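Read in order, the letters of the sequence shown correspond to residues 1 to 148 in full-length UniProt numbering. We treat Cβ as the ideally placed atom computed from N, Cα and C, and that holds for glycine. Every value quoted in this text rests on a predicted model; they were computed, and no experiment measured them. See below for the structure under consideration.
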Amino acid sequence: MAEQAEQAEQAESTSADHDGIRLPRVTIQFCTQCRWMLRAAYFAQELLSTFSTSLGEVSLQPSTGGTFAVTMRHRPLGPAQQAVSTTVLWDRKTDGGFPETKELKRRVRDVIQPGRDLGHVDGHHAAGGTGTATATATATHPSCRDCS
């Protein structure tokens with residue numbers, strides 16, 4: 001019985017779009033030349049550990065050119081079935097550097113479960129903080145030397 005209830009809950013929290021992709025889907029695009037695969041995999045693991053079956057998929061997408069971007073395909077919250085939209089959660093070039101893990105979790109939560117309490121992650125949130133771990137490193141090295 002408990003297994004059936006768990007499966008029903010999972011089916012409600014995730015859905016598939018017309019391509020068979022399970023939503024919400026987080027995509028972490030990372031530069032292979034910059035060797036950011038481990039960083040991308042770490043963020044994927046953290047999101048899966050925190051949100052579990054609330055996420056339909058988390059994918060890693062290799063790229064070049066100093067790219068590190070986290071996007072989410074999802075259906076907007078609301079009673080009506082709406083078209084799938086894409087939200088940029090983090091872009092290294094726009095946001096500066098890489099996200100703090102707790103900032104990325106907050107941004108995912110704000111899209112898929114706005115009322116959810118993230119516990120200690122929410123407790124230390126400073127209003128107006130940038131949430132970047134390496135903003136100063138990006139400021140001194142705006143582009144990757146390997147990708148130039």
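Residue 58: buried (16+ other C-beta within 10 angstroms of its C-beta) or exposed? buried
Sort 21, 62 and 120 by Cα distance to residue 31 and report the nearest one. 62
Just the C-alpha distance for residue 76 and residue 108, rounded to the nearest angstrom, thanks. 13 angstroms
Measure the C-alpha to C-alpha separation of residue 114 and residue 54 and round it to an integer number of angstroms. 12 angstroms
Can you give the Cα-Cα distance for residue 20 and residue 56, rounded to whole angstroms? 11 angstroms
Where the beta strand (DSSP E) containing residue 103 begins and where it ends: Unbroken run through residue 103 is the alpha helix (DSSP H), 101-112; no beta strand (DSSP E).
At 4 residues or longer, what runs of the alpha helix (DSSP H) sit wholly inside the region 66-92? none
Rounded C-alpha distance that separates residue 33 from residue 52: The alpha-carbon atoms of residue 33 and residue 52 are separated by roughly 30 angstroms.
Is there contact between the region 32-49 and the region 98-108, where contact requires at least three CB pairs shorter than 8 angstroms? yes
The beta strand (DSSP E) spanning residue 154 covers which residue range? Look at the range of the chain in this structure, 1 to 148, and you will see that residue 154 is not part of it.
Going by the beta-carbon positions, is the gap between residue 88 and residue 28 smaller than 8 angstroms? Here residue 88 is not near residue 28, since their CB atoms are 8 angstroms or more apart.
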